[in-house]
Amino acid sequence: MISNSSKIYVAGHRGLVGSAIVRQLETRGFTSLITRTHAELDLTNQAAVQAFFAEEKPEYVILAAAKVGGIHANNTYPAEFIYENMMIQANVIDAAYRNGVDRLLFLGSTCIYPKAVAQPMREDSLLTDVLEPTNEPYAIAKIAGIKLCESYNRQYGTDYRSVMPTNLYGINDNFHPENSHVIPALMRRFHEAKTNNDVEVVIWGSGNPMREFLFVDDMAEASLFVLELDEKIYQNNTQPMLSHINVGTGKDVTIRELAETMKQVIGYKGKIGFDTSKPDGPPRKLIDVSRLTAMGWKYNVDLEEGLRRTYNWYQDNFK
243 MISNSSKIYV AGHRGLVGSA IVRQLETRGF TSLITRTHAE LDLTNQAAVQ AFFAEEKPEY
303 VILAAAKVGG IHANNTYPAE FIYENMMIQA NVIDAAYRNG VDRLLFLGST CIYPKAVAQP
363 MREDSLLTDV LEPTNEPYAI AKIAGIKLCE SYNRQYGTDY RSVMPTNLYG INDNFHPENS
423 HVIPALMRRF HEAKTNNDVE VVIWGSGNPM REFLFVDDMA EASLFVLELD EKIYQNNTQP
483 MLSHINVGTG KDVTIRELAE TMKQVIGYKG KIGFDTSKPD GPPRKLIDVS RLTAMGWKYN
543 VDLEEGLRRT YNWYQDNFK
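Take any residue in the sequence shown, note its place counting from 1, add 242, and you have its number in this note's numbering.
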């Protein structure tokens, strides 16, 4: 177990996942958290990152910092997505090694898996086929992050671990009307429809695709669970060059079911329509979580409860 006085650097502490991890650490009584905003520390600047690590000497590192965005952003700025993410990861992971960090946790994404992959997606499907073209640069960067951790472990005997979350949502999510993911986008639309007394909310596609969703506070709990795992338990459940761990619920719902649950949580009284002229995307995206389950972790917050907590926060923060 990590001591409550251990120096823990959370990179990306203002993002969806990073902020949830900080909340979790503070709730557990950790007193020596290290954070830096982008304005205070540019993680793509190798010299700045090395100087920061040399000065602060963190014992543990949680690497949740990343350049993220939806399909439009990934298609528009592919060079930025691959360059910035690879630079962030390379700088932080190398600085951690050079400054004697005890343990590092790297957070990736399930977009690392091939486009045409068997469902549910297992960890060993990595690098077995081509990636989804729209987010390939981002996925390549995240795969490189996994392989950086594994390569430093092999060569230098470090203890760097990787977790790959499914679709996340919750407190501090991005509710931008154009750039947000499905849950915050739907939440905003249903809320505005309720406020405006709209008779119908129309959703893109047929409503039939199935997706998996994990409340971000559960992701934070899983991250700390993996970070604190005894090294032998971690090694016994992974492989040196296949060490990443899927994090999710192992359950999925249709977009239609998601919309119905959202409607109920928000208290919208109108109808739900589906614009079948719009694309559906992949029919299903579900991850296999048996590796993490075998280690002893399972999610706590179901979809309806997670949506309620998120909506309460949304109402308090978006007037």
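Think of the CB as a built atom: it goes at the ideal place given N, C-alpha and C, for glycine as much as any other residue.
Reduced DSSP category for residue i - H, G, I as helix; E, B as strand; rest coil
i: D517; result: strand
i: W446; result: strand
i: I529; result: strand
i: L534; result: helix
i: V489; result: strand
i: Y394; result: helix
i: T496; result: strand
i: V543; result: coil
i: F417; result: coil
i: Q292; result: helix
i: L275; result: strand
i: M452; result: strand
i: L285; result: coil
i: L410; result: strand
i: L373; result: coil
Buried/exposed call for residue i, threshold 16 Cβ in 10 Å
i: Q397; result: exposed
i: L484; result: exposed
i: P482; result: exposed
i: I304; result: buried
i: E454; result: buried
i: D494; result: buried
i: A296; result: exposed
i: S519; result: exposed
Residue i and residue j closer than 8 Å at C-beta
i: D459; j: V543; result: yes
i: L549; j: M504; result: yes
i: Y553; j: M429; result: yes
i: R498; j: N559; result: no
i: G512; j: V424; result: no
i: E322; j: T286; result: no
i: I354; j: K384; result: yes
i: M406; j: V507; result: no
i: E365; j: R533; result: yes
Pairwise C-alpha distance: residue j and residue i
i: D562; j: A281; result: In the structure as shown, the chain starts at 243 and stops at 561, and residue 562 therefore has no counterpart that could be examined.
i: L466; j: A338; result: 18 Å
i: T269; j: L545; result: 23 Å
i: A464; j: M537; result: 11 Å
i: I313; j: I276; result: 32 Å
i: A308; j: P426; result: 19 Å
i: V252; j: Q266; result: 12 Å
i: I263; j: W446; result: 32 Å
i: G387; j: G254; result: 15 Å
i: H486; j: S404; result: 5 Å
i: A289; j: I330; result: 12 Å
i: I526; j: A358; result: The sequence given here places Arg at residue 526; Ile does not occur at that position. Near 10 Å, if we compare the C-alpha coordinates of A358 and R526.
i: E434; j: T400; result: 50 Å
Continuous beta strand (DSSP E) stretch holding residue i: start and end
i: F560; result: Where F560 is concerned, there is no enclosing beta strand (DSSP E), given that its DSSP letter is neither H nor E.
i: R403; result: Y402 to P407
i: V252; result: I250 to A253
i: V303; result: Y302 to L305
i: R364; result: First-last for R364: undefined, no H or E at that position.
i: L349; result: R345 to L349
Enclosing alpha helix (DSSP H) for residue i [first to last residue]
i: I335; result: P320 to R340
i: L267; result: L258 to T269
i: V468; result: V458 to E470
i: K511; result: Run containing K511: none; DSSP gives neither H nor E here.
i: A427; result: V424 to N438
Cβ of residue i within 8 Å of any chain D Cβ
i: E502; result: In the displayed structure, chain D is absent; only one protein chain is listed.
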